[in-house]
Amino acid sequence: MTTLKIDVHHVTRVEGHGNIVVDTRNGEIKECRFEVVEAPRFFEAFVRGRPYYELSHITSRICGICSVGHATASLRATEKALGVEPPEQTVLLRKLLFHGEIIDSHVLHTYYLVAPDFLGVGSVIPLAATHREVVERALRVKKLSGDLCAMIGGRHTHPVAMAVGGFTHTPTEGELREMQARLVDARADMDETVALFATLPWPDFERETEYVSLKKDDEYAFIDGTVVTSDGFSYPIEDYRKVTNEECVPFSTAKWTHHNRESYMVGALARVNNNFDQLHPRAQEAAGKLGLKPICYNPFLNSAAQVVEMVHCVEDSIRISDELLTRGIQPEQPPKIEVEAGEGIGSCDVPRGILFHNYVYDEDGICVKANCIIPTNQNMANLNHDMQALVPQIMDKPQDEIRLTLEMLVRAYDPCISCSAHFLTVEFV
Amino acid sequence: MSESASRRMSESAISDKRLAIIGLGNPLRGDDGVGCRMIEELARRELPPGVQVLDGGAVGLGLLNLMEGWERVVIVDAAEMGRRSGEFVRFTPADVRLASASDRPSTGSGHRFSLHHAGLSEALALADALDQPLPEMVIFGVQPAGVGWGEGLSPAVEAALPALADAVLASAVCSRRREEIIGENYAQDSGD
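Protein chains in written order, with the working numbering: chain C, 4 to 432; chain P, 60 to 251.
This is how it looks when you write it as structure tokens:
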């Protein structure tokens, strides 16, 4: 085929609205891009003029899937601005809660959005008929991670118990012990998950790029640390703008970012590539079974990296529970905050990649300026460069197959273009 | 989020699970937040015993977990019903066809399910596909004026809140009364 025209409006099974446009004539690419039609710069408007203690709750509403991630990055930005250091127990509980959200988001993405492509069905609904045990396992893991989030955050999504400097509610030792036992039981589901995804034929495609993530000396980083890239750069979180270099592009409402190359990638694959040695041994073993070895340049394997991280988070949650139970859980009283003017930058590596929240507070603790750089925006340029590299390799295949492969590429990035309204459309019968 | 609302939500996890009033939506998207706003309003009121309020937010497919174990749920959500903004309708899943992502225009590949739209309709479709038992369910759909980015409800939906709160609570009380009457009849029958 020498002439190809693909126009996929609103790629499904991704979060938000994005279109794929491909136009080739006589084997030459005229147009090839992923365009975002909905990604408003709404963030600053929501938090400006609001007091410091409201920001994590407002920002946790940006997204139903990354609500803990936004809340954590938000709290870290506020804590740095106001000079608050959370105590050790708070840090441990936040890590455990964060693991819950990573598992929750990854199980949704891998099982509900990615697996149907490989198992030959259009969505998770028919998958329930053809592969019932697969969907039931996904729901089981989702329930576990949701309950873990609720145990610490106070409810399944949009955590209420997280506050500046501490938690307003802590789990009991009994609850934690019960949760730990369920996490141990979940190892069987993790083994099955690895076995399932190890059989999936990932498209054979590689393009060298730069991977950006957080890094810590003592653990696989999700909260705090330094910003590192696979090209050997390292920056304190405060210098995030040296990495993100945001720029506007005409066909997308999302700003593009680039660092050492024309684009970079963030997310599970970037983290696994940059921090492989700090993964739990069981997670490293899972990576081996999934054919994922750093440094891996196949973006489709971002989904495999998510499976690896689920295994890691289950194991690390068991370990953190042990640590909390050994220490004994103390009631938390978030500290009285001495409000002062200041600026703070918080960063977390949330399910879809590195996230930055940057706030400026006035002397009354009112937010006067804010900036938020989400992972999906940072991946947009890389996704487009991947697409431009992939299309010439698959141009001779049937059009439906090309379309599906491109959609799968978009989905592999797990883009969250904007969190959406989830209202019903109702027709009375 | 008011403190009383948070308190009730954490209490809800431990007390008896007869009837949950669940608000859904995103308060950062205009009238889509009506369900969450309703929960805040109800949390300030005296609730009948056995009734709890839950702010589900953008819980998506996690709604299935949230509904688990409850005998009945009353769900409040923004709903496109082709009515005037602020009008609300009480219905059950059996009364309506809930358009899901799979009903929306195809992208050509037949892959139409999206967590982007995962809300009540997708959660119910998945439960149905797995024959998963669900609690008895009543839904209050509220016609939004707008669901674009921005905090706060439109004047039309804001004005509907008191009547909506009364109706939701009446619905909760009604189903409790019915439960008691059924209970009494049962007691009489078994006494005979």
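The beta-carbon is built from N, C-alpha and C at its ideal position, and this holds for glycine as well. Bear in mind that the values here come from a model prediction, so they are computed numbers and not experimental data.
Cβ separation of residue i and residue j, assumed to be a contact under 8 Å, to the nearest whole Å
| i | j | result |
| --- | --- | --- |
| V110/C | V127/C | Between V127/C and V110/C the Cβ distance is about 11 Å, and since that is not below 8 Å, they are no contact. |
| T232/C | Y214/C | 7 Å |
| F199/P | A226/P | 7 Å |
| S320/C | L99/C | 6 Å |
| V25/C | E31/C | Actually they do not touch by this definition, with Cβ atoms about 12 Å apart. |
| G115/P | L83/P | 5 Å |
| N85/P | R64/C | 6 Å |
| H112/C | L122/C | Not quite, the Cβ-Cβ distance comes to about 15 Å (not below 8 Å), so this is no contact. |
| P284/C | G168/C | Contact doesn't hold; Cβ gap of about 34 Å is too wide. |
Residues near residue i by beta carbon distance below 7 Å, same chain, minus five either side
| i | result |
| --- | --- |
| G149/C | D107, H159 |
| C233/P | none |
| P54/C | G368, I369 |
| S266/C | T212, A384, N385, H388 |
| G356/C | V269, G270, A273, P378, Q381, N382 |
| L95/C | I323, E326, L327 |
Environment of residue i [buried if 16+ CB atoms lie within 10 Å]
| i | result |
| --- | --- |
| A415/C | buried |
| Q396/C | exposed |
| D220/C | exposed |
| Q111/P | buried |
| C251/C | exposed |
| S165/P | With a pLDDT of 35 at S165/P, under the threshold of 50, the modelled position of that residue is not reliable, and the figure given next carries that caveat. It is exposed - the Cβ of S165/P has fewer than 16 other Cβ atoms within 10 Å. |
| R28/C | exposed |
| E104/C | buried |
| T93/C | buried |
| P302/C | buried |
| G91/C | The residue asked about is misnamed: residue 91/C is Glu in this sequence, not Gly. So E91/C ends up on the exposed side. |
| K83/C | buried |
| N248/C | exposed |
| D91/P | buried |
| D136/P | buried |
| E38/C | buried |
| P253/C | exposed |
| D120/C | buried |
| S306/C | buried |
| S237/C | exposed |
| R131/P | buried |
Boundaries (first-last residue) of the beta strand (DSSP E) holding residue i
| i | result |
| --- | --- |
| R28/C | 21 to 28 |
| N85/P | Note, N85/P: premise wrong, no beta strand (DSSP E); not H, not E. |
| H360/C | 356 to 364 |
| R414/C | No beta strand (DSSP E) holds R414/C; the alpha helix (DSSP H) holding it covers 402 to 415. |
| A373/C | 370 to 376 |
| M398/C | Unbroken run through M398/C: none, as it is neither H nor E. |
| L217/C | 213 to 218 |
| R103/P | First-last for R103/P: undefined, no H or E at that position. |
| G347/C | 345 to 353 |
| G200/P | 195 to 201 |
| F239/C | First, the residue type needs correcting, since residue 239/C is Pro and not Phe in the sequence shown. Segment 237 to 239, the beta strand (DSSP E) holding P239/C. |
Cβ shell of residue i (< 6 Å), same chain only, five flanking positions each side left out
| i | result |
| --- | --- |
| M383/C | A257, W259 |
| Q202/P | M140, R142, S144, E146 |
| H348/C | Here residue 348/C is Ile; the residue named in the question, His, does not match the sequence. Hits under 6 Å: A80, I240, E241, N361. |
| F46/C | C375 |
Cβ shell of residue i (< 8 Å), same chain only, five flanking positions each side left out
| i | result |
| --- | --- |
| A224/P | M97, E100, L101, R104 |
| V275/C | L282, A290, L295, P297, C299, A308, V311, E312 |
| A224/C | S216, L217, K218, R274, N278, Q281, D352 |
| V342/C | Y55, L85, Y364, E366, D367, G368 |
| T151/P | M196, V197, I198 |
| G207/P | R88, G89 |
Delimiting residues of the alpha helix (DSSP H) encompassing residue i
| i | result |
| --- | --- |
| F49/C | 46 to 50 |
| Q111/P | Counting along the chain, Q111/P falls outside any alpha helix (DSSP H), though it belongs to the beta strand (DSSP E) covering 110 to 116. |
| E195/C | 176 to 201 |
| S180/P | 179 to 188 |
| D120/C | 118 to 121 |
Counting only runs of 4+ residues fully inside the stretch 51 to 112 of chain C, write out the alpha helix (DSSP H) ranges in chain order.
Every alpha helix (DSSP H) of 4 residues or more that sits fully in the stretch 51 to 112 of chain C is shown, in chain order, as 58 to 62, 70 to 85, 91 to 110.
In chain order, which continuous runs of the beta strand (DSSP E) of length 3 or greater are located wholly inside the stretch 268 to 326 of chain C?
none
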